[in-house]
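Reviewing the structure listed below.
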């Protein structure tokens, strides 16, 4: 079996390794495929579908699809951009995302994706669902208003921290992040040093009393759009 | 107070123009157009005190500033001062306190410039040389900032550039020109770089020069027409503000001082953590805005004024030379006694404009702004009060925070709320003196009422008038409630 696999993304020749996902092979080649639930070091999940690409004409999640020889991948096309914009739009209206005072602003992957895709305001109506805030833990809090159900915290806690503090409950619109305790986060074994405490791409699981310590202008996405750190490595 | 409003004609000025936010004035007139009641209503309801409940306390300084787009820094800093005490960090490092002060003076500068040039200048610049009221009734098509720009282009440019300069100061201290994040519990999140300092220093002398010019316009207008302006919407009242320990005007911090209309101290250097021992709020059924009063005097007569006029009256001195010289001239008019003239607010405001820019220059030359020590922490508390002098007057933020870091109680007394009763008195006075008994209530006469409201620079919240199209509807309704006359302008 060959140790490299050749395929194309938007016509560009890419070399991947056997077993590697399209998203990771693209990333190694300096091609950014937008993503939200993917996090390096955690098992792929395929939940958010933001990384959806066309593989030989069929939609696939790039974070779960492994590379194959001769694969023709369409990533950054008008059609896929419109598809992703719709997905991000829907994530915004399903939750209660108030970027203007959210402490994650400037460091938030959802917000950064919206900026990258030029979303100034959602086109769908807001749902204004009631969501719970859990401040019971001494060092970390959950604001479910901002949760996008990416499951990063679930995987980080289970697979990296070995604790299984978080999991999903409910289905459809009622799906939410629950904690492994009778009632509240403060009753779990979560520690502020856990991977799960820093895995959240949005402002849903946040370390307490950090707030706005990083000034505007020095935040992650203040100057360059999300993904540019990958694109800047392109040969 | 009119017990039974039946049998009177009602005129509504809605909305009041060239103020921040939405308000309306209602007048009740009898058959001879004599005014029986005049009220300023604040028709907005914002709900901030409710929807910050349950939020993390460090979020509050960033969240509550959304109350306003004109002076958000005031809310940002009042809340930050409150939250300093929650983390036990109220003794700020020199860098943190000076950065906050710089942000605050930047805001005073831009807010006062905006008010004077954009909102007020049309009323006073188009007046006849001999008649201070002539501008109030000038053609409404001219009575706006666009007309000012056409007739006094140099002045209009100064207004725009001064506001811009203030916003540049805010940008470099808060991170954004509007709704930044600079002040955090116990300190600040950035210092001022040398490049930022030099950028601001570049224009500071020009700003000082222009501030002197604006002050001269306000002073000359007031002094020249003092005899006529003195009774215009004026009345005796108490005055209140924060004051520095040595009696100097201090816009950022101090103790509370209240004085009577003739200058006697009601209380002095009061620790504002105990403000509820001194100030209470009354609710009246016809307004969303509460009526604060000094407890020891009672709800009937305990109301007071805040803002530039009150601060000039309460201060023993100002600690910057040009503003202090201007203060002395201001106080000389009333022979050292408190000035109770509503229209003198403009003069007082321009003295503060000058003071702010002098303070900005002083701070920019202070090396503490390049310090690295930004945040302090200490003994945790659960209840806290943060006070600041906002451009429009004393601003109160009162919170309780539980052990889980969640806000459980919030009470805000904003500057304009403190001036609620005074503004109502002013409206009443102008209505009585200038409208009552007149055969025809003209648009120009109604603008007299708006003029006196503007003197107080109320922040009814975040809106300004549409340029040149001030939407004003006045309805004359007879005793039976039938519409007998309706006048509109703009809109």
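Chains as they are written, first to last, in my numbering: chain A, 4 to 238; chain B, 2 to 492.
Each residue gets a CB set at the ideal place from its N, CA and C atoms; glycine is no exception.
Chain B has no Cβ within less than 9 Å of the Cβ of residue 129 of chain A.
Using a CB distance below 7 Å, the part of the segment 47-65 of chain B facing chain A consists of 55, 57, 59, 60, 63, 64, ordered along the chain. Only residues of its own chain outside the window of five on either side were considered, and among them 78, 81, 93, 174, 183, 184, 189, 253 have a CB closer than 8 Å to the CB of residue 101 of chain B, listed in chain order. Under the Cβ distance rule, residue 185 of chain A does not count among the residues neighbouring chain B, no pair being separated by less than 9 Å.
Look at residue 306 of chain B here: in three-state DSSP terms it is strand. A Cβ-Cβ separation of about 6 Å places residue 347 of chain B in contact with residue 456 of chain B under the 8 Å criterion. A straight line joining the alpha-carbon of residue 381 of chain B with that of residue 96 of chain B spans about 22 Å. Taken atom to atom, the span from the alpha-carbon of residue 247 of chain B to that of residue 166 of chain A is near 59 Å. Listed in chain order, the beta strand (DSSP E) runs fully inside the segment 133-177 of chain B amount to none, counting runs of at least 3 residues. Within the DSSP secondary-structure output, residue 218 of chain A pairs in no beta bridge. Near chain A, meaning a CB-to-CB distance below 7 Å, the residues of the segment 187-211 of chain B are 190, 191. Note that the C-beta distance between residue 386 of chain B and residue 274 of chain B is below 9 Å. At least one CB atom of chain B sits nearer than 9 Å to the CB of residue 211 of chain A.
For the segment 393-417 of chain B, the beta-carbon criterion of a distance under 8 Å to any beta-carbon of chain A is satisfied by 405, 406, 407. Judged by DSSP secondary structure, residue 206 of chain A falls outside any beta strand (DSSP E); it is assigned neither H nor E. Sequence-distant Cβ neighbours of residue 308 of chain B in its own chain, meaning closer than 6 Å and more than five residues away, are 393, 394.
Within chain B, the residues placing a beta-carbon under 7 Å from that of residue 216 of chain A are 185, 190, ordered along the chain. DSSP places residue 359 of chain B in the helix class (H, G or I) of the three-state scheme.
At least one beta carbon of chain A lies nearer than 9 Å to the beta carbon of residue 67 of chain B. Rounded to the nearest angstrom, the gap between the Cα atoms of residue 34 of chain A and residue 160 of chain B is 49 Å.
If you compare the alpha carbons of B:9, B:40, B:323 with that of residue 285 of chain B, the shortest gap goes to B:40.
The segment 335-350 of chain B and the segment 297-313 of chain B touch, with no fewer than 3 CB-CB distances between them shorter than 8 Å. Residue 384 of chain B: member of the beta strand (DSSP E) spanning 384-391, first to last residue. With its beta carbon at least 9 Å from every one in chain B, residue 132 of chain A lies outside the interface. A residue is called buried once 16 or more other Cβ atoms fall within 10 Å of its Cβ, and residue 315 of chain B is buried on that count. Per DSSP, the continuous beta strand (DSSP E) segment holding residue 412 of chain B begins and ends at 408-414.
With a threshold of 16 other beta carbon atoms within 10 Å, residue 11 of chain A falls short and is exposed. Residue 170 of chain A is bridged by DSSP to A:181.
Counting of Cβ neighbours within 10 angstroms places residue 129 of chain A among the exposed residues, the total staying below 16. Looking only at A:70, A:65, A:149, the smallest Cα-Cα distance to residue 106 of chain A is reached by A:149.
In chain order, 57, 58 place their CB closer than 7 Å to the CB of residue 406 of chain B, counting only its own chain and leaving out the 5 sequence neighbours on each side. Residue 293 of chain B carries a strand assignment under DSSP once its states are collapsed to helix, strand and coil.
Per DSSP, residue 183 of chain B lies in no beta strand (DSSP E) and is assigned neither H nor E. Of all residues in the segment 164-178 of chain B, only 176, 177 place a beta-carbon less than 7 Å from a beta-carbon of chain A.
By a beta-carbon distance limit of 8 Å, residue 215 of chain B does not contact residue 365 of chain B. Their separation comes to about 21 Å. Across the segment 79-90 of chain B, no CB contact with chain A closer than 7 Å is found for any residue.
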